[in-house]
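Visitor: Got a structure here, written out as structure tokens. Questions coming.
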Amino acid sequence: MARKKIALIGGGQIGGTLAHLAGLKELGDVVIFDIAEGLPQGKALDLAQSSTVEGYDAAMTGANDYADIKDADVVIVTAGVPRKPGMSRDDLLGINLKVMKSVGEGIRDNAPNAFVICITNPLDVMVWALQQFSGLPANKVVGMAGVLDSARFKLFLAEEMNVSVEDVNAFVLGGHGDTMVPLPRYSTVAGIPVPDLVKMGWIEQDKLDQIIQRTRDGGAEIVGLLKTGSAYYAPATAAIAMAESYLKDKRRLMPCAVELNGEYGVSGMYVGVPVLIGENGVEKIVEIELNDDEKAGFDHSVAAVQGLVDAVKAIDPSLA
Ligand code: LMR
């Protein structure tokens, strides 16, 4: 069986980590694309040399030409600029929108059948623009955010309760911004919902509230520590989990930014909700029941994403 082809658009820290993880998991041959000459080639050669120690078979190639991503099965987009301390993700809107235009056209012309995962910020509106610029079907263009945000929520819960991360499940919905909506009611330890764990005294309500806020600030916390860029290990791991679910038809149910068309009362925009990812891309959007507070939080988050979509439409009227 021919190996799958995974194209990584952007050869920075996330791109390199994605390539390494894709190799270690033997998901397929990897092409790292970047406009900087030498950078993707250098990373690809370094990674190829590491493969002989670890013993994985995956060709690693660096590219400066979109023609080299031809017929990729999966494309993961990290191209663009990360934020610096003091900036919000939304401050990247104008600069990264231009990048999404050239990336979208490169994908449209060379890998129109790919499953595309976008990581570039501000995520929900960038993935929306990427889908428009590429013209690929919306069920094949998704944003990585909920998996990352849920991973952070999960870690903080596990640490607070002193339990294995293996037994914790956590869900975060909404946009990948300050208004994201961590959902304790849908988060569990070994199947026990977090609100019950509060009643049982495993975690105090004020600690839970702090963890919810820390999850919302999760990206900024790392930006503040790194000072020169943003997180890369966890975002890359999250995107690879999504790519793997597609490539292996694992049919995982995970929170991702997808285009909603009536679900959750939202239309024509991307927001994070639980979706099933299988060999056809997004195969199902799952509508969970939200109580009044959760719904208000979700609507607030949707309104924030809508504001960014409107801003993008004003910058580039070609976006419908
Ligand atoms: C993250 O959540 O780590 C990313 O969105 C990067 C950022 O700027 O926070």
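Heads up: the sequence shown is residues -2 to 317, going by the working numbering.
For each residue, glycine too, the CB sits at the ideal point set by N, CA and C.
Report the three-state DSSP secondary structure of Asp146 (helix, strand or coil).
Guide: The count along the sequence shown starts at 1 and reaches residue 146 at position 149. If DSSP states are grouped into helix, strand and coil, Asp146 belongs with the helices.
Visitor: In terms of alpha-carbon separation, which member of Ile237, Val124, Asp246 lies closest to Gly356?
Guide: With the chain running from -2 to 317 in the structure shown, residue 356 is simply not present.
Visitor: I'd like to check one pair, Val255 with Tyr243: are the Cβ atoms closer than 9 Å?
Guide: The residue labelled residue 243 in the question sits at position 246 within the sequence shown. The residue labelled residue 255 in the question sits at position 258 within the sequence shown. No, these two residues do not count as a Cβ contact at 9 Å.
Visitor: Which residue marks the beginning of the beta strand (DSSP E) containing Ile58, and which one marks its end?
Guide: Within the sequence shown, residue 58 is the residue found at index 61, counting from 1. For clarity, residue 58 is Thr in the given sequence; the question names Ile instead. That run of the beta strand (DSSP E) goes 57 to 60.
Visitor: Can you say whether Arg149 is buried or exposed, counting buried as having 16 or more other CB atoms within 10 angstroms of its CB?
Guide: Your numbering for residue 149 matches position 152 in the sequence shown. Arg149 comes out buried.
Visitor: Could you give the residue range of the beta strand (DSSP E) that holds Pro252?
Guide: If you number the sequence shown from 1, residue 252 lands on position 255. Unbroken beta strand (DSSP E) run through Pro252: 249 to 258.
Visitor: If you reduce the DSSP assignment to three classes, tell me which class Tyr229 lands in.
Guide: As a working note, residue 229 is residue 232 in the sequence shown. Coil at Tyr229, not helix or strand.
Visitor: Who pairs with Leu273 in a beta bridge, going by DSSP?
Guide: Working through the sequence shown from its first residue, we reach residue 273 at position 276. Paired residue(s): Leu250, Lys281.
Visitor: State buried or exposed for Gln129, treating a residue as buried only when at least 16 other CB atoms are found within 10 Å of its CB.
Guide: Taking the first residue of the sequence shown as 1, we reach residue 129 at position 132. Under this definition Gln129 is a buried residue.
Visitor: Between which two residues does the alpha helix (DSSP H) containing Gly140 stretch?
Guide: Looking up residue 140 in the sequence shown gives position 143. Unbroken run through Gly140 is the beta strand (DSSP E), 138 to 140; no alpha helix (DSSP H).
Visitor: Measuring alpha carbon to alpha carbon, tell me which of Thr225, Tyr229, Ser315 ends up nearest Gly83.
Guide: One-based indexing of the sequence shown puts residue 83 at position 86. Looking at the Cα atoms, Thr225 is the closest of the given residues.
Visitor: Which residues does DSSP pair with Asp26 in a beta bridge?
Guide: In the sequence shown, counting from the first residue as 1, residue 26 sits at position 29. Answer is Lys2.
Visitor: Nearest to Glu163 by CA position, among Pro181, Leu145, Thr185, Asp146, is which residue?
Guide: Mapped onto the sequence shown, residue 163 falls at position 166. Among Pro181, Leu145, Thr185, Asp146, the Cα nearest to that of Glu163 belongs to Thr185.
Visitor: Rounded to whole angstroms, how far is the Cβ of Val169 from the Cβ of Pro252, which I believe are closer than 8 Å?
Guide: Position 172 of the sequence shown, counted from the first residue, corresponds to residue 169. Position 255 of the sequence shown, counted from the first residue, corresponds to residue 252. About 6 Å separates the two Cβ atoms, so the contact holds.
Visitor: Assign Gly83 to one of three DSSP states: helix, strand, or coil.
Guide: Within the sequence shown, numbered from 1, the residue matching residue 83 stands at position 86. If DSSP states are grouped into helix, strand and coil, Gly83 belongs with coil.
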